[in-house]
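Here the sequence shown is numbered in my numbering, starting from 41 and rising by one per residue.
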Amino acid sequence: MAGLAIHAFASAATPCTGIDRSLSAAQQRNYAAAIEQHLNQQLGPEVQQKITTAPQDIRQVFRLGTWHIVYVHTHVSDEPFLFYPQPPDKAAAYVTAWAGSAASDEAPSIRAWLRKNAPGIPPKLARCFAWQVTAARDVQ
């Protein structure tokens, strides 16, 4: 009986159901190189050091349409989620970044923050992200 309950919970729909979370080794390599460049242009001056990212530093990706949210380990700051309206290896820069945690009741304000700071992000992807950082940060 417990096995059935665990299976039902594991397969329950979430706001991220239907969001592409796949990440190939080739994408990790390509994204790491591009993201390293973006981080050094956008975050490097703030932290006053060179940022290096390896393929294994690309921790997660959330993709819907052309939009990508990439969770990356920078080795110099809180791990940010970087927002791109296209694949990171095709972009000149990320449009915004989010790092840190959020309380479970902050999902609506996070979605509002995304509408302002990531204009054009699909609402479903915004809902998924808000759920991820408020209710499921460590859920794969």
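Where a beta carbon is used, it is the ideal one built from N, C-alpha and C, also for glycine.
Under the three-state reduction of DSSP output, arginine 155 falls in the helix class. Between proline 85 and arginine 167, the CB-CB gap reaches or exceeds 8 angstroms. Distances from the alpha-carbon of alanine 139 to those of Pro127, Gly160, Arg151, Leu122 put Leu122 closest. Annotation: histidine 115 to glutamine 100 spans about 16 angstroms, alpha carbon to alpha carbon. Comparing alpha carbon positions, the residue from Ala147, Ile98, Ile150 closest to alanine 66 is Ile98.
Counting only residues of its own chain and dropping the five nearest sequence neighbours on each side, arginine 61 has a CB closer than 8 angstroms to the CB of Gln100, Val101, Phe102, Arg103, Gln180.
8 angstroms or more divides the Cβ of tyrosine 124 from the Cβ of tyrosine 111. The beta carbons of serine 117 and valine 87 sit closer together than 8 angstroms. In the three-state reduction of the DSSP assignment, histidine 113 falls in the coil class, being assigned neither a helical nor a strand state.
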